[in-house]
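See below for the structure under consideration.
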DNA sequence: CAGCAAATTGACAGCGCTGTCATACGTGCC
DNA sequence: GGCACGTATGACAGCGCTGTCAATTTGCTG
């Protein structure tokens with residue numbers, strides 16, 4: 079039969095309430111007692127019943143990860159974040175629930191409400207692009223559900239962030255150092271923070287190098303392979319082609335490389351290409367893609383950790399920053 | 079404040095137990111009463127408290143989806159299955175929990191036990207390749223946890239399956255119809271059902287066409303882009319190159335197309351390439367990839383549905399089959 | 001060593017639901 | 001009419017834990 083808290087209590091010769099206190103890491107338990115209780119738990123392989131804890135304690139020990147499965151960049155990105163969130167939840171014996179939500183749909187809030195009413199998550203983790211969806215944030219605050227974000231645009235919440243603008247700037251500086259001057263940029267989906275920051279970094283680096291922006295070299299994309307191909311075709315049709323293309327993510331960069339092949343341009347000899355994200359694909363490409371590594375898994379983990387700190391009453395939680403790292407590989411070279 | 083079952087009971091002038099019966103779709107409730115209760119629930123926007131239901135009813139209303147995040151084919155494949163499972167669970171007000179598990183690790187069973195003891199899932203959905211991991215299945219049966227599988231190799235369980243062998247055969251027959259005779263095959267990870275079935279379909283089609291198998295044309299891969307590139311290089315180095323390559327999945331097929339570019343081979347003019355899975359990438363490639371569409375999302379949904387049928391006492395559940403469909407696109411053409 | 005605050009522990013009710021069993025009410029049969 | 005039986009409903013306890021508050025012990029002060 080299942081071992082219950084009561085059984086542990088008997089074994090440790092304490093009251094059930096004391097075992098509960100130990101289980102929940104509460105104060106005012108003597109070291110001696112705590113040790114004894116922990117030993118008994120260990121010995122009996124005690125597993126608290128999550129439903130009973132939820133019911134009595136009025137908390138669910140559930141963290142929901144919200145994402146937009148409609149227009150999302152790379153799904154491997156989300157999968158990695160999910161993995162990280164899961165790891166953090168596991169470490170603190172919370173369980174994770176994933177909830178796809180469509181930002182564009184008009185019943186977004188209704189679905190959010192249903193999620194809250196049906197599952198009572200103790201908190202939620204938000205992933206781009208819904209990290210910045212105002213009605214969502216508003217409703218979460220109204221319903222008093224704590225949240226942490228991965229790569230939010232605002233500065234007020236808690237969660238995790240990477241300095242994408244600095245990373246983009248570093249990427250472009252790398253191209254500049256290779257002698258490139260006509261450097262194109264493919265923008266991602268317009269209102270995503272990722273697109274803004276990466277564009278800003280590109281501009282910053284170009285301006286710092288004293289290069290005026292050539293509007294023809296800055297092309298709108300949509301984070302997809304296809305949009306990368308399309309944008310590249312536009313660029314290659316230009317009278318004066320760029321010698322390097324910095325795409326706002328790896329999928330588009332891959333598209334650029336394809337289009338280059340189509341045009342008989344050898345990468346990196348005739349054209350340098352670089353991306354952002356360091357998806358698994360980037361390493362597998364030939365030539366391997368120069369890109370920015372974004373530690374998605376770790377970011378998911380850290381965001382969840384901040385949330386858990388709040389949920390477990392360990393202070394307010396912060397907006398932590400993770401470092402980026404340039405992965406210089408074979409797709410960028412000195413200007414011909 | 080929260081609306082409780084008791085409140086609904088009062089509103090409908092029945093006992094709490096009767097409301098419970100209606101909630102759980104039990105028999106022996108008169109139509110008249112049932113209608114009245116449902117109306118009250120609706121009017122009050124009643125949401126049963128999952129923890130209370132779990133605790134009292136000794137079931138969790140949780141379905142866990144198990145997957146191997148170690149050597150998995152395309153992660154978008156898993157994400158799609160997850161989406162389908164989630165949809166089915168939602169439809170029946172179950173919640174879904176995802177659990178990565180490493181088949182190769184020696185604490186696999188311990189982790190499985192922990193999952194069961196900690197979260198008490200009512201049932202689990204298994205995804206390839208752990209669908210066929212005997213110790214897992216054994217333990218699940220021992221602990222009396224129902225499960226349904228996506229693409230299991232065995233015939234005894236419940237879940238969903240596609241006739242991958244027939245699909246592979248159809249794919250190769252398509253190449254044969256285009257006049258190809260030297261058709262290569264890239265095999266996926268050895269013990270995966272997917273690899274076996276696709277290879278078997280290839281052999282079946284070749285044999286039916288009276289073509290003896292040329293061992294040099296059947297190359298081991300690992301479902302990855304990189305392994306596709308490597309295998310293709312081997313093939314292209316052959317004195318007598320294949321005119322078509324059937325890769326066991328799209329990632330490897332993409333690798334083949336890259337390698338083709340490297341060797342100056344135009345696809346499909348000089349080489350036909352086809353894959354399996356119809357990943358999003360396949361459509362975006364240029365030329366777009368001929369492949370087999372596997373309705374992963376739907377398969378996830380159906381597998382979960384079979385499991386839910388069992389959990390909800392709706393009979394035994396079956397191994398249902400979904401149809402495949404050949405997506406003939408631009409990467410295959412008549413033999414030169 | 002009394003006297004008091006702080007630290008530690010426990011008794012008990014109750015979270016919101018369902019299982020079990022009892023009860024009430026027809027219905028059909030001899 | 002009396003009885004057995006099936007259907008519909010309800011009373012009640014209890015699932016395994018935690019919140020509240022009271023009781024007890026400890027440590028310190030003058």
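Chains as they are written, first to last, in our numbering: chain A, 79 to 414; chain B, 79 to 414. Think of the CB as a built atom: it goes at the ideal place given N, C-alpha and C, for glycine as much as any other residue. It should be emphasised that the depicted structure is a prediction, and the values quoted were computed from it without experimental measurement.
- Of all C-beta pairs linking the region 138–150 of chain B to the region 163–177 of chain B, three or more are shorter than 8 Å, placing the two stretches in contact.
- Here residue 174 (chain A) has 141, 143, 163, 164, 167 as same chain residues with Cβ atoms under 7 Å from its own Cβ, once five neighbours each way along the sequence are excluded.
- Under a criterion of Cβ atoms nearer than 7 Å, no residue of chain A is adjacent to residue 374 (chain B); the nearest Cβ is some 12 Å distant.
- Annotation: residue 238 (chain A) to residue 271 (chain A) spans about 13 Å, alpha carbon to alpha carbon.
- Residue 272 (chain A) is outside the set of residues whose beta carbon lies under 9 Å from a beta carbon in chain B.
- Contact with chain A is found for residue 130 (chain B), since one of that chain's Cβ atoms lies less than 9 Å from the residue's Cβ.
- Within its own chain, the residues whose Cβ lies closer than 8 Å to the Cβ of residue 407 (chain B), once the five positions on either side in sequence are excluded, are 360, 361, 365, 366, 367, 368, 369, listed in chain order.
- Within chain A, 161, 164 have C-beta atoms less than 8 Å from the C-beta of residue 178 (chain B), given in sequence order.
- With fewer than 16 other Cβ atoms inside 10 Å of its own Cβ, residue 342 (chain A) counts as exposed.
- Nearest Cα to residue 414 (chain B) within the set B:177, B:286, B:348: B:348.
- The shortest CA-to-CA distance from residue 242 (chain B) to any of B:204, B:186, B:295, B:326 is the one to B:326.
- Among the residues facing chain B, residue 240 (chain A) is not included, as its CB has no counterpart in that chain under 9 Å away.
- If you ignore the 5 residues before and after residue 320 (chain A), its C-beta comes within less than 7 Å of the C-beta of 260, 261, 262, 295, 313, all in its own chain and listed in chain order.
- Straight through space, the alpha carbons of residue 240 (chain B) and residue 284 (chain B) are spaced by roughly 21 Å.
- Close CB contacts of residue 170 (chain A) within its chain, under the 8 Å cut and outside five residues either way in sequence, are with 386, 390 (chain order).
- Looking at B:80, B:124, B:89, B:258, the one whose alpha-carbon comes closest to that of residue 101 (chain B) is B:124.
- Closest in C-alpha terms to residue 227 (chain B), from the list B:221, B:215, B:334, comes B:215.
- The beta carbon of residue 176 (chain A) sits closer than 6 Å to the beta carbons of 143 from its chain, once the five residues preceding and following it are set aside; these are given in chain order.
- Between residue 236 (chain A) and residue 397 (chain A), the beta carbon gap of about 6 Å places them in contact (Cβ cut-off 8 Å).
- Taking a C-beta cut-off of 8 Å against chain A, the contacting residues of the region 322–340 of chain B are 333, 336, 337, 339, 340, listed in chain order.
- Close to residue 347 (chain A), with beta-carbon spacing below 7 Å, lies no residue of chain B; the smallest spacing is near 13 Å.
- The beta-carbon of residue 289 (chain B) is placed no less than 9 Å from the nearest beta-carbon of chain A.
- In terms of Cα proximity to residue 333 (chain B), the closest of B:303, B:324, B:351 is B:303.
- By the 16-neighbour rule on beta-carbons within 10 angstroms, residue 306 (chain B) is buried.
- The residue from B:411, B:410, B:104, B:401 with its alpha-carbon nearest to that of residue 244 (chain B) is B:401.
- Residue 357 (chain A) carries a coil assignment under DSSP once its states are collapsed to helix, strand and coil.
- Separation of the CB atoms of residue 375 (chain A) and residue 337 (chain A) is rounded to 31 Å, and the pair is thereby denied contact status at 8 Å.
- When DSSP assignments are scanned along the region 265–336 of chain B, the uninterrupted stretches of beta strand (DSSP E) that are 3 or more residues long and fall wholly within it turn out to be 296–298, 322–325.
- Residue 301 (chain A) is positioned such that its CB atom lies no closer than 9 Å to that of residue 246 (chain A).
- In terms of CA proximity to residue 129 (chain B), A:139 leads the group A:139, A:121, A:94, A:120.
- Any Cβ of chain B closer than 9 Å to the Cβ of residue 364 (chain A) would place that residue at the interface, and such an atom is present.
- Here residue 373 (chain A) carries a coil assignment [DSSP, helix/strand/coil].
- With contacts defined by Cβ atoms closer than 9 Å, residue 410 (chain A) and residue 316 (chain A) do not form a contacting pair.
- When CB distances to chain A are screened at a threshold of 9 Å, the residues of the region 108–127 of chain B falling below it are 123, 125, 126, 127, in chain order.
- Note on residue 131 (chain B): 16 or more other CB atoms within 10 angstroms of its CB, so buried under the neighbour-count rule.
- A straight-line Cα-Cα distance of about 16 Å links residue 93 (chain A) and residue 103 (chain A).
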